[in-house]
Amino acid sequence: MSELLYKNLNNLSAFWQALSAEKIEEDKYLHAHWPHKIWCEDFSLVDSQQWNDKVHVTLNKPISFQHVKVKVQLTAMYLELEESIGQTHDQVSTVRSDEGLKQWSEACSNAFGYDIDKQSINPLIDDKNATVLAFEVNSNIAGTAILYQSHKTMGIHQIGVLPQFQRCGIGKAIMLHLIAIAKHRGCDVMTLQSSQAGKNMYINMGFKALAELYHLEGKR
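Quick note: the sequence shown uses our numbering, first residue 10, plus one each step.
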């Protein structure tokens, strides 16, 4: 595993652990609630007998699809920050209150099309490594993002734009704001895991692909 891929996956694992994850073995974790993941710290395969109703995330593409299906395939990506230029935006604010987090969770759910459990996000408010951010239009949340820092790596998570605000440049504006924050905090690399839909935007901003991550479910 390359150093950059390690930084990407280490950040992802640290972020997921912060979402009320339970350690079930030395290097293995799961979520009882959203985001319903089970994974190893090195993202190797977990025995499918342990998955139950969880989504298993791994670097290993299934050899057989007889008993498993790929729920989603994401691309681990990185951006070297030294030559990158960010730009803060006055419509982006940090979420710090319980009510704000409730509104943020509802907005993020709408952006991604699945329910996000506010209780899973709650620990991030008091986590010094986490920053929950909202892009607002007329006092309504139009976009969401979470920054999670591990050493000098800044991970981007849950970046989304609500359907009614898409194709307005909000996603790029959020990204430029996140880059500015990461550089201000002394990070040297930014990491994320992109869907196919968002990949071109990240490539155009200078992100480079590292590896594929498979989100697997057992077939019922």
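Even for Gly, the Cβ is constructed at its ideal location relative to N, Cα and C. From a predicted model like this one, the values you see are computed outputs, not experimental measurements.
Three or more pairs of CB atoms, one per stretch, sit closer than 8 Å, so the stretch 14-27 contacts the stretch 156-165. Taking all protein chains in view, the Cβ of HIS186 is crowded by 16 or more other Cβ atoms within 10 Å, so the residue is classified as buried. TYR15 carries a helical assignment under DSSP once its states are collapsed to helix, strand and coil.
For PHE144, the enclosing beta strand (DSSP E) has its first and last residue at 139-146. Residues LEU171, PRO172 of the same chain have their beta carbon placed closer than 8 Å to that of ASN119, with the five preceding and five following residues left out of the count.
DSSP places GLN205 within a helical segment (H, G or I) once states are collapsed to three. Under a 10 Å Cβ-count criterion, GLY152 is classified as buried, with 16 or more other Cβ atoms of the shown protein chains found around its own Cβ.
Around the CB of THR67, 16 or more other CB atoms lie within 10 Å, so the residue is classed as buried. A direct Cα-to-Cα measurement between LYS228 and PRO44 gives close to 19 Å. A residue is called buried when at least 16 other Cβ atoms come within 10 angstroms of its Cβ; SER204 does not meet this threshold and is exposed. In this structure, TYR87 lies near LYS217, with their beta-carbon atoms less than 8 Å apart. In the DSSP assignment, ALA116 falls within the unbroken alpha helix (DSSP H) covering 107-121. A contact is defined here as three or more CB-CB pairs under 8 Å, and the stretch 50-59 fails this definition with respect to the stretch 189-205.
DSSP lists THR162 as the beta-bridge partner residues of SER159. Only exposed fits GLY178, as fewer than 16 other CB atoms lie within 10 angstroms of its CB. The C-beta separation of ALA220 from ALA85 comes to about 5 Å, placing the pair in contact by the 8 Å criterion. The stretch 104-118 makes no contact with the stretch 77-84; the number of CB pairs closer than 8 Å stays below 3. Shown here for ASP62: same chain residues with a beta carbon closer than 8 Å to its own, the five before and five after excluded, namely HIS45 in chain order. The closest CA to that of ALA30, considering only PRO132, LYS181, ALA182, is found on PRO132.
At the C-beta level, MET199 and LEU90 come within 8 Å of one another. In summary, MET210 is exposed, with fewer than 16 beta-carbon neighbours lying within 10 Å of its beta-carbon over all protein chains present.
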